[in-house]
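Scroll down for the structure; my scribbles are underneath it.
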Amino acid sequence: RQQITSLKTERKKAIELAVRYGGIEESHHLEWIIDQMVRILAGADYAEIVKSACDGEDGPNTYSWSTGIAP
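And the structure:
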């Protein structure tokens, strides 16, 4: 039950972040918003998710992950 409540709280935080800052047009701020949402939703799995997102057809670090700049 506590785990379900925690997931709902994390999703709510991520949605609130998107609603609060989602209208910002500068890409470096949008990168920050996406990164913060992934951090909230991924929890302890954040580093592994980012690593997986960066891996590609050319091996590790095929793609980059930007943490952006806070608005």
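Counted the way our numbering counts, the sequence shown spans residues 425 to 495.
Even glycine gets a Cβ: it sits at the ideal position worked out from N, Cα and C.
Beta-carbon contacts of N485 that lie in its chain and below 7 Å, excluding the five residues immediately before and after: C478
The stretch 427-436 in contact with the stretch 446-454 per 3-pair CB rule at 8 Å: no
Helix, strand or coil at G446 [DSSP, three-state]: coil
Boundaries (first-last residue) of the alpha helix (DSSP H) holding L470: First, the residue type needs correcting, since residue 470 is Tyr and not Leu in the sequence shown. Run containing Y470: 470-478, per the alpha helix (DSSP H) assignment.
G480 vs Y487 beta-carbon contact at 8 Å: For the 8 Å CB-CB criterion, G480 and Y487 form a contact.
Nearest-angstrom beta carbon gap, V474 and W489 [assumed within contact, 8 Å]: 5 Å
Three-state secondary structure assigned by DSSP to G467: G467 sits in a helix when the DSSP states are folded into three classes.
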